[in-house]
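Reading through the structure tokens given below for one structure.
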């Protein structure tokens, strides 16, 4: 059953159209089997570029046996030139195609994807409420006051979540409050502290708090923030500073002793090698790390070094479904990221099925493959490109 064609869907519709542009692929065989995958560039800059990159890569798999995922992945790595030097766009394109191939394989045997990954270790996946500062509801509204941070944290906890992630350095328009991010002023530090302290007071001592600064700090300002927030018992700190220079993150971990998490900005399994002994959590995104094939390597590397795994999940329902399957089979899985984007109708209506946590936990879907595909509504509004 060789691969017959690849369809690239660029989504751009509904309330999220100005900021949200998922790129989804469907890989089909000559026998009519199909698999779905996603490139993890729905936000930020790059969706149009990664769609073009997928269009360039797709001919390499036409006529191939979809069961040969390792060989196909290695061909992408060896013969595209740029994959050997990391790069988000090339790895996002590889990720989308690789995930679709794994989905296709599992559908061929009428089994959930986790069966191809060794079986289901976790029937239920605890989740955290990710980025409550965006409003944590059907419509986005950036909040700024400690009162609002506390109110939204309480809303998440009342829904059953026992962990919350927040970026405390945002302001009303979503821009970071960092006129000088190299050294934070006392006023900045106090502002960030008051926001997180309000959350801690509202949710009590047993709810986990994760801090994410979207790589907006430097090593010195990150050290300041960690020192200021230490009394609030932070679970771990995600992407405080850019990982383009791993030495900075390594030094921050060694100086502060804080539990750090990295992965959202890393593309390719090799990018984890220098960091793996100094971080507490790895957060590969199945849409940018190189897909399922690469994520298996990253998870194994982390496990061998006593490091936990929490996939970065901020995409369409395709991305969420793939993450649930992978995490279900992962021995060092920690917690699932339930991003606030999943509360938006224009996102969850993109999937044929709606999966959502109950009481802060996901029940792992048992449909074949990743158990998800684009809805008829999403396909109707998508720009589709077919490669044969």
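In the working numbering, the protein residues as written are 900 to 1287. All C-beta atoms in this analysis are idealised placements derived from N, C-alpha and C, irrespective of residue type, glycine included. None of these values were measured; they are calculated from a predicted model.
Query - the stretch 1217 to 1235 contacting the stretch 1185 to 1192, beta-carbon criterion three pairs below 8 Å - result: Touching, yes.
**Report entry** Residues of its chain near residue 901, where Cβ-Cβ distance is below 7 Å and the 5 sequence neighbours each way are ignored
**Finding:** The count along the chain shown starts at 1 and reaches residue 901 at position 2. The residues are 928, 929, 962, 963, 964.
**Report entry** Cut-off 6 Å between Cβ atoms - residues of its own chain near residue 1308, not counting five sequence neighbours on either side
**Finding:** Missing from the structure shown is residue 1308; the chain here goes from 900 to 1287 and no further.
Query raised in the report: Looking at residue 1182 and residue 1140, is the spacing between their C-beta atoms short of 8 Å?
Result: The sequence position of residue 1140 within the chain shown is 241, counting from 1. The sequence position of residue 1182 within the chain shown is 283, counting from 1. Using a Cβ distance threshold of 8 Å, residue 1140 and residue 1182 do not count as a contacting pair.
**Report entry** Nearest residue (CA-CA) to residue 1070, options 1112, 1062, 1057, 1060
**Finding:** As a first step, residue 1070 is located in the chain shown; it is residue number 171 there, counting from the start. Checked all of 1112, 1062, 1057, 1060; the closest Cα to residue 1070 is 1112.
Query raised in the report: Between residue 914 and the rest of its own chain, which residues show a CB-CB distance below 6 Å, the 5 nearest in sequence each way excluded?
Result: Here residue 914 refers to the residue found at position 15 of the chain shown. The beta carbon of residue 914 is closer than 6 Å to those of 1245 in its chain, skipping five residues each way along the sequence.
Query raised in the report: Hey, residue 1223 and residue 1252: beta-carbon distance below 8 Å or not?
Result: Here residue 1223 corresponds to residue number 324 of the chain shown, with the count starting at 1. Here residue 1252 corresponds to residue number 353 of the chain shown, with the count starting at 1. In this structure, residue 1223 sits away from residue 1252, with a CB-CB distance that is not shorter than 8 Å.
Query raised in the report: Span of the beta strand (DSSP E) holding residue 1177?
Result: Sequence index remark: in the chain shown, residue 1177 carries index 278 (1-based). Note, residue 1177: premise wrong, no beta strand (DSSP E); not H, not E.
Report task. Could you spell out where the alpha helix (DSSP H) holding residue 1190 opens and where it closes? Result -> Reading the chain shown from its first residue, position 291 is the one you call residue 1190. Note, residue 1190: alpha helix (DSSP H), 1190 to 1203.
Query raised in the report: Enumerated in chain order, which unbroken segments of the beta strand (DSSP E) with a length of 3 residues or greater are wholly contained in the stretch 1134 to 1172?
Result: Runs of the beta strand (DSSP E) inside the stretch 1134 to 1172: 1135 to 1137, 1159 to 1161.
Query raised in the report: Going by beta carbon distance, what residues of the same chain come within less than 6 Å of residue 1158, once the five residues before and after it are set aside?
Result: Sequence index remark: in the chain shown, residue 1158 carries index 259 (1-based). Correct list, in chain order: 1135, 1179.
Requested in this report: Take residue 1105 as the anchor and find which of 1063, 1082, 1145 has the nearest alpha-carbon.
Outcome: Residue mapping note: residue 1105 aligns to position 206 of the chain shown, counting from 1. Distances from the CA of residue 1105 to each of 1063, 1082, 1145 were compared; the closest alpha carbon is that of 1063.
**Report entry** Straight-line gap, residue 1087 to residue 1065 (C-alpha atoms, nearest Å)
**Finding:** Start at 1 with the first residue of the chain shown, and residue 1087 comes out as number 188. Start at 1 with the first residue of the chain shown, and residue 1065 comes out as number 166. Roughly 16 Å between the two C-alpha positions.
Query raised in the report: For residue 971 versus residue 1000, is the C-beta spacing smaller than 8 Å?
Result: One-based indexing of the chain shown puts residue 971 at position 72. One-based indexing of the chain shown puts residue 1000 at position 101. Closer than 8 Å, so yes.
Requested in this report: On a CA-only basis, which of 959, 936, 1056, 1049 is nearest residue 1092? Give me that one, please.
Outcome: Here residue 1092 is taken as the residue at index 193 of the chain shown, counted from 1. If we check each option's Cα against that of residue 1092, 1049 comes out closest.
Query raised in the report: Over what stretch of residues does the beta strand (DSSP E) that includes residue 1111 continue unbroken?
Result: Here residue 1111 refers to the residue found at position 212 when the chain shown is read from its first residue. In the DSSP assignment, residue 1111 falls within the beta strand (DSSP E) that extends over 1107 to 1111.
Query raised in the report: Of the choices 1127, 1040, 1143, 1193, whose alpha-carbon is the least far from that of residue 1085?
Result: Residue mapping note: residue 1085 aligns to position 186 of the chain shown, counting from 1. Closest option to residue 1085, judged by alpha-carbon separation, among 1127, 1040, 1143, 1193: 1127.
Query - Where residue 1122 falls, given that 16 or more other Cβ within 10 Å makes a residue buried - result: Taking the first residue of the chain shown as 1, we reach residue 1122 at position 223. Buried, because 16 or more other Cβ atoms sit within 10 Å of the Cβ of residue 1122.
Requested in this report: Measure the alpha-carbon distance for residue 988 versus residue 1096 and round it to whole angstroms.
Outcome: Working through the chain shown from its first residue, we reach residue 988 at position 89. Working through the chain shown from its first residue, we reach residue 1096 at position 197. Cα to Cα, the separation comes out at about 38 Å.
Requested in this report: Going by DSSP, name the residue or residues bridged to residue 1027.
Outcome: By 1-based counting over the chain shown, the position of residue 1027 is 128. Beta-bridge pairing links residue 1027 to 1236.
Query raised in the report: Which residues share a DSSP beta bridge with residue 1251?
Result: For the purposes of this step, residue 1251 is taken as residue 352 along the chain shown, with counting starting at 1. Listed as beta-bridge partners of residue 1251 by DSSP are no residues whatsoever.
Query raised in the report: What separation, rounded to the nearest whole angstrom, lies between the Cα atoms of residue 1329 and residue 1194?
Result: Nothing about residue 1329 can be reported from this structure: the residues present for the chain run from 900 to 1287 only.
Requested in this report: Taking all protein chains shown into account, decide if residue 980 is buried (16 or more other Cβ within 10 angstroms of its Cβ) or exposed.
Outcome: Here residue 980 refers to the residue found at position 81 of the chain shown. Residue 980 is exposed by the Cβ-count criterion.
Requested in this report: Would you mind working out which of 1067, 1034, 993 sits nearest residue 1168, comparing C-alpha positions?
Outcome: Here residue 1168 refers to the residue found at position 269 of the chain shown. It is 993.
Query raised in the report: Hey, residue 1081 and residue 1120: beta-carbon distance below 8 Å or not?
Result: As a position in the chain shown, residue 1081 is number 182, starting the count at 1. As a position in the chain shown, residue 1120 is number 221, starting the count at 1. A Cβ-Cβ contact shorter than 8 Å links residue 1081 with residue 1120.
Query raised in the report: Tell me which same chain residues have a C-beta within less than 7 Å of the C-beta of residue 1225, skipping the five on either side of it?
Result: Here the question's residue 1225 lines up with position 326 in the chain shown. Excluding sequence neighbours, residue 1225 sits near 1016, 1185, 1191, 1194, 1210.
Query - Inter-residue spacing [alpha-carbon to alpha-carbon] between residue 1019 and residue 967 - result: Residue mapping note: residue 1019 aligns to position 120 of the chain shown, counting from 1. Residue mapping note: residue 967 aligns to position 68 of the chain shown, counting from 1. Using only the alpha carbons, I get a separation of about 23 Å.
Query raised in the report: Closest to residue 1203 by CA distance: which of 1171, 1234, 1221, 1227 is it?
Result: By one-based count along the chain shown, residue 1203 stands at place 304. The shortest C-alpha separation from residue 1203 is found at 1171.
Query raised in the report: The alpha helix (DSSP H) spanning residue 902 covers which residue range?
Result: Numbered from its first residue, the chain shown carries residue 902 at position 3. Judged by DSSP secondary structure, residue 902 falls outside any alpha helix (DSSP H) and instead within the beta strand (DSSP E) spanning 902 to 909.
Query raised in the report: How close, in whole Å, do the beta carbons of residue 905 and residue 924 come, if the pair is a contact with beta carbons under 8 Å?
Result: The residue you call residue 905 lines up with position 6 of the chain shown. The residue you call residue 924 lines up with position 25 of the chain shown. Contact flag correct, Cβ pair sits at about 6 Å.
Query raised in the report: Between residue 940 and residue 926, is the Cβ-Cβ spacing less than 8 Å?
Result: Taking the chain shown and counting its residues from 1, one reaches residue 940 at position 41. Taking the chain shown and counting its residues from 1, one reaches residue 926 at position 27. In this structure, residue 940 lies away from residue 926, with their beta-carbon atoms at least 8 Å apart.
Query raised in the report: How is the beta strand (DSSP E) around residue 1285 delimited, first residue to last?
Result: Working through the chain shown from its first residue, we reach residue 1285 at position 386. Residues 1282 to 1286.
Query raised in the report: Is it true that the CB of residue 1124 sits closer than 8 Å to the CB of residue 1116?
Result: As a working mapping, residue 1116 is identified with position 217 in the chain shown. As a working mapping, residue 1124 is identified with position 225 in the chain shown. Taking 8 Å as the Cβ cut-off, residue 1116 and residue 1124 qualify as a contacting pair.
Query - For residue 985, the residue or residues it bridges with in DSSP - result: Numbered from its first residue, the chain shown carries residue 985 at position 86. Beta-bridge partners of residue 985 (DSSP): 983.
Query - Pairwise C-alpha distance: residue 932 and residue 1273 - result: Working through the chain shown from its first residue, we reach residue 1273 at position 374. Working through the chain shown from its first residue, we reach residue 932 at position 33. Taking the straight line joining both Cα atoms gives about 15 Å.
Query raised in the report: Candidates 1268, 1059, 1161, 1282: which alpha carbon is nearest residue 1008's?
Result: Here residue 1008 is taken as the residue at index 109 of the chain shown, counted from 1. In terms of Cα proximity to residue 1008, the closest of 1268, 1059, 1161, 1282 is 1268.
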